[in-house]
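Keeping their order, the protein sequence lines are chains X and H. Using numbering that gives the first Met the number 0, read the first sequence as starting at 0 and increasing by one per residue. Using numbering that gives the first Met the number 0, read the second sequence as starting at 0 and increasing by one per residue. From the three backbone atoms N, C-alpha and C, an ideal C-beta is built for every residue, glycine too. So the structure is just underneath, and the comments pick up after that.
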Amino acid sequence: MDNLSTFINRSVSRRKFLAGVGAGAGAVAALNLAGCSSSPAKTTTTSAPTDADVLNFALNLEYLEAQFYLYAATGSGLEASDTTAGSASPYQTVGTVTLGDAAAVPGLTPAQQEILNEIAYEEQEHVRFLRSALGAAAVPMPDIDLSFFGPLAVAATITTAATGAGSFNPFSSFDYFLVGGFIFEDVGVTAYSGAASLISPAGVAAGYLTAAAGILAVEAYHAGYIRTSLTGRAIAAGSAAAYPYLAAANLVEDLRATLSVGDGAAPSTTGSVETLLTLPPDTTPASSTTASSIVAASPTTAVGFARTVNQVLHIVYGSATVGASSGGFFPSGMNSIFATTTA
Amino acid sequence: MANQETQVLDEIIAANRRKMLTLGVASLAGLAVAGLGVPLAKAATSYTDSDILNFALNLEYLEANFYYLAAFGTTIDVANAASTAAGALQITLSGTVGTAGSVTGGSQVPFTTIPVASYAIEVAVEEGKHVQLLLSALGSSAVAQPAINLGTSFQTLATAAGIPGGAAFSPYASDDDFLVGAYVFEDVGVTAYHGAASLLTVPANLVTAAGILAVEAYHAGLIRTTINYLDPTGASIGGYTNLISTLRASLSMAGLLGVAPGPYDANPDDYGLADFSVSLAGAANVTATRLTDADPTNVIAFARNTTQVLNIVTGGGAVNGTTQVSPAVGVFFPAGMNAGPNGFK
């Protein structure tokens, strides 16, 4: 049987993946593996973004999160009426979802099912809220590729040793799902943190900042849930080896760091805005002196991280290349003035 | 004079933001315009970023001391073997504005499970860093640590919430009881930073506040997830969360002083872990947990203004009918919070 790690070595190296489209044929091959098709570069603008631009950037991310969680919880995605274009939006084509393995996660306990239902509902309502706030300016759902988890796992070097038999599939079990959710949640938190200061004084007065901060908090609740579950299940399993999903999540963090820091020519984690999960040692609890790592935040000030729109795009496009305008979870790019990375 | 004009402008902005917050931050552009025409009761008072950050510092003193005591058995200003081993900061209480007080009550929890012990240590370390950060940022403007009651205050609140055996409740007795104690604080921290965000005028302060808001929400998610895992049916500590949230919502609504909550601040503005029914991908009546404390319609976390927060942490000390009481005194803050001349207390 074909082993995933040999597959990685044979067909696509992590380095080439990280190099992205700008670096040549190898990288293009990697992105094609991700199910991407070439698409015209989105136009960029050098003028200051409007509040609608900022909210629409968030809406693109919420479309992605909502589709992931809804499929995981129910096997169905957003209702068509939640994906349409606002009448004044320059983007009028409603995208499609490439499903890949997307399906309701099997084998959930009732308690686990209710948790998936909650997160799916909350992301669905974020889509609806942003669409409502934007009104005619709301962008439609862009093309979304939920089959990108496989190539992403390859790029992160999540091997069969980390996740058991078969390729990485976040829709195949509760533990795989947690790692899948992990890909998004800290990013959502940092994206809203980064976007908060882009909102204009008029937007602050209009309540946009309060809304964004409130969604930021919800994303952090979700991130807290995902990280607590991964950590708690690893503790219950007794060791990192007995619960490889913790290590898999940390590989995702490593990949996010290399994607969003610097250019693909020199992958680096310097300046990373990631906090790796840790497994507290199995000691007598009352004498334990080891902290968990549930919170992703600065180690010196315990203030949560922020990411720029470019850093967020590098992650969801699966490309560190400056100038990338599509890829990864967004095979045709975001419907956003920010769609092309500029740094 | 440009400086004077700028200052006047700042005051107008600050006053309007405060008015909006009092109204529950009514949404969208039209309302902001309408707000300009509303006579402002406190238009002469200017709130600076320092006033707002000092309000946050009072709350961080409270939270940090609770977690330090639970995790290490010591207050934030005194190091011991446990706090040192965990790498927790020993805080020099450098704030001098207002009246310094002492911390009463609290003791190290005899943890029996690794997750809860390690979570307590993590949160303690992080809340300590928040105190240190705010003290550093505020410098000579920082308020002193006020008197803080972390003992009998929990019994008062537990009784008011209707928790069985509340008169003898101690958050330091067991892993479960600690989680209930932590639950009292975390969602409140989220709402307080959320409410403060739009009051801040210095962009760097907003970024920092947003970052701390995120951390408080991570903590809240951690606590709610763990309680839900230990008591998924709500028979014990899961059920207590509903009682506590109901009490907090009641105190918070009183803090609105008769003004109707805005669109992002529905009544109630707090939910425990009890399941709720949602419509999902077109299917109605799907059961969901409530690991997120947010408005069920827009799923935006709640924001509270300073009076609402004060009324919660003082157990109703900030409100008398439809009149604000200042300083608010009671429960966790037996002598009230510390603030500068125009600050919130």
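#1: Leaving aside the five residues before and after X:E64 along the sequence, list all residues of the same chain whose C-beta is less than 8 Å from its C-beta, in chain order.
#2: Report the residues of the stretch 127-147 of chain H with a CB closer than 7 Å to any CB of chain X, ordered along the chain.
#3: Quick one, which of X:A239, X:Q66, X:L145 has its alpha-carbon nearest X:A79's?
#4: Among the residues of its own chain, which have a CB less than 6 Å from the CB of X:Y70, if the five just before and after it don't count?
#5: Hey, out of H:A99, H:T155, H:V77, H:S251, whose CA is closest to H:G335's CA?
#6: For the putative contact between H:V122 and H:H218, defined by C-beta atoms under 8 Å, what is the C-beta separation to the nearest angstrom?
#7: Count the other CB atoms within 10 Å of the CB of H:V318; is the residue buried (16 or more) or exposed (fewer)?
#8: Secondary structure at X:T307, three-state DSSP: helix, strand or coil?
#9: Helix, strand or coil: which one does DSSP assign to X:D144?
#10: With distances taken Cα to Cα, identify the nearest neighbour of X:R127 among X:G149, X:M140, X:T227.
#11: Which residues of the stretch 282-302 of chain H have a Cβ closer than 9 Å to any Cβ of chain X? Give them in chain order.
#12: To test your reading of the DSSP string, which unbroken beta strand (DSSP E) runs of 3 or more residues are found completely within the stretch 106-130 of chain X?
#13: Residues in the stretch 197-210 of chain H with C-beta within 9 Å of chain X's C-beta atoms, listed in sequence order?
#14: Count the other CB atoms within 10 Å of the CB of H:A40; is the residue buried (16 or more) or exposed (fewer)?
#15: Under 7 Å, Cβ to Cβ, is there at least one residue of chain X near H:E59?
#16: Helix, strand or coil: how does DSSP classify X:V138 here?
#17: What does the alpha-carbon distance come out to for the pair H:L256 and X:A154?
#18: Alpha carbon to alpha carbon, what distance is there between X:L60 and X:L145?
#19: Using a Cβ-Cβ cutoff of less than 7 Å, which residues in the same chain neighbour X:S37 once the five nearest sequence positions on both sides are dropped?
#20: Return the chain-ordered list of same chain residues with a C-beta closer than 7 Å to the C-beta of X:V96, the five sequence neighbours on each side being excluded.
#21: Residues in the same chain with beta-carbon distance under 8 Å from X:L107, minus the five sequence neighbours each way, listed in chain order, please.
#22: Show which residues of chain X have a CB atom less than 7 Å away from the CB atom of H:S93.
#23: Hey, H:V124 and X:A290: beta-carbon distance below 7 Å or not?
#24: So for X:A201, helix, strand or coil by DSSP?
#25: CB-CB under 6 Å to H:V201, same chain, minus the five flanking residues each way: which ones, in chain order?
#26: Which bits of chain X does H:G220 rub up against, with CB to CB less than 9 Å?
#27: Going residue by residue through the stretch 211-274 of chain H, where are the continuous alpha helix (DSSP H) segments of at least 4 residues, counting only ones entirely within it?
#28: Which residue's Cα is closest to the Cα of H:T306: H:T95, H:A141, H:Y66, H:A191?
#29: What does X:I234 reach in chain H if we use C-beta pairs closer than 9 Å?
#30: Any C-beta of chain H within less than 8 Å: which residues of the stretch 76-91 of chain X qualify?
#31: Closer than 6 Å by C-beta to H:T103: which residues in its own chain qualify, once you throw out the five before and the five after it? Chain order, please.
#32: Measure from the alpha carbon of X:Y120 to the alpha carbon of each residue in X:A137, X:S331, X:A190, X:V217, then state which is nearest.
#33: Does the stretch 84-92 of chain H come close enough to the stretch 192-212 of chain X to have 3 or more Cβ pairs within less than 8 Å?
#34: Check whether chain A comes within 7 Å of H:T224, counting only Cβ atoms and requiring the distance to be less than that.
#35: If we ignore side chains and look at the alpha-carbon of each, how far apart do X:D52 and H:V96 end up?
#36: Is it buried or exposed for X:Q91, if we count other Cβ within 10 angstroms and need 16 for buried?
Reading from the atomic positions:
#1: E122, H125, F183, G187
#2: K128, H129, L132
#3: X:Q66
#4: G76, A101
#5: H:A99
#6: 5 Å
#7: buried
#8: coil
#9: strand
#10: X:M140
#11: Cβ contacts with chain X: A282, V285, T286, A287, T288, R289, L290, T291, D292, A293, D294, P295, T296, N297, V298, I299, A300, F301, A302.
#12: none
#13: S197, P202, A203, L205, V206, T207, A208, A209, G210
#14: Any reading at H:A40 must be qualified, since the residue scores a pLDDT of 37, below 50, and its modelled position is unreliable; the value itself is stated next. So H:A40 counts as exposed.
#15: Output row for H:E59: interface = no.
#16: Taken through DSSP and simplified to helix, strand or coil, X:V138 comes out as coil.
#17: Rounded to the nearest angstrom, the two C-alpha atoms are 55 Å apart.
#18: 13 Å
#19: With a pLDDT of 35 at X:S37, under the threshold of 50, the modelled position of this residue cannot be trusted, and the question is left open.
#20: If we look at X:V96 and ignore the five residues flanking it on each side, its Cβ neighbours are Q66, G76, I143, L145.
#21: These residues qualify, in order along the chain: L115, F173.
#22: By Cβ distance, chain X contributes nothing, its closest Cβ being about 16 Å from H:S93, past 7 Å.
#23: yes
#24: helix
#25: D48
#26: Simply A219, Y220, H221, A222, G223, Y224, I225, R226, T227, I293.
#27: 236-253
#28: H:A191
#29: T112, I113, P114, S117
#30: G76, L77, E78
#31: N148, G150
#32: Ranked by Cα distance from X:Y120, the options X:A137, X:S331, X:A190, X:V217 are led by X:V217.
#33: no
#34: Of the protein chains in the structure, X and H, none is chain A.
#35: 43 Å
#36: The Cβ neighbour count for X:Q91, taken over all protein chains shown within 10 Å, is under 16; the residue is labelled exposed.
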